[in-house]
Amino acid sequence: MGSMESDLPTVTLRLWRADAIVLFDWLMSTELDSVPITHPAQKQALADLLSRLEYGVDADVAGSTSEEIAAAQKEVARDMGW
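Numbering of the sequence shown is given in the working numbering, commencing with residue 14 and proceeding in unit increments.
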């Protein structure tokens with residue numbers, strides 16, 4: 014039998030690699046207890062996202078260098094307009 018997690022419905026989420034690097038870097042440096050939430054499931058979902066970015070087969074962002082992080086931040090912020 015599969016684990017409970019594998020029995021749950023899933024969705025596939027495709028991210029621009031630069032977005033994934035920026036999100037991973039932010040989640041790794043953020044104390045999740047300090048993030049404003051309105052339901053405990055929100056914090057758990059952020060922790061799950063961090064886990065997927067860190068250990069996911071398609072996500073090679075965990076080993077990003079500081080130079081790669083800086084470049085990703087620049088790419089993502091380039092067309093923000095604010």
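Positions of the beta carbon are idealized from the N, C-alpha and C atoms, including for glycine.
Item: Looking only at its own chain, which residues have a Cβ that is under 8 Å from the Cβ of D35, when we skip the five neighbours before and after it?; Value: Note that residue 35 is Val in the sequence shown, not Asp. Only I82, A85, Q86 and V89 meet the Cβ criterion.
Item: Roughly how many whole angstroms lie between the Cα atoms of P22 and D61?; Value: 14 Å
Item: Quick check on D38: buried or exposed, where buried means 16 or more other Cβ atoms within 10 Å of its Cβ?; Value: buried
Item: To the nearest angstrom, report how far apart A58 and W29 are at their CA atoms.; Value: 19 Å
Item: Can you round the beta-carbon distance between L40 and L26 to whole angstroms, since I take them to be within the 8 Å contact cut?; Value: At roughly 15 Å, the Cβ-Cβ gap does not stay under 8 Å, so L40 and L26 are not in contact.
Item: Does the beta-carbon of L45 have 16 or more other beta-carbons within 10 angstroms, so that it is buried, or is it exposed?; Value: exposed
Item: Excluding sequence positions up to five away, which residues of its chain have a Cβ less than 8 Å from the Cβ of L66?; Value: A33, L36, F37, L40, A72, V74 and A75
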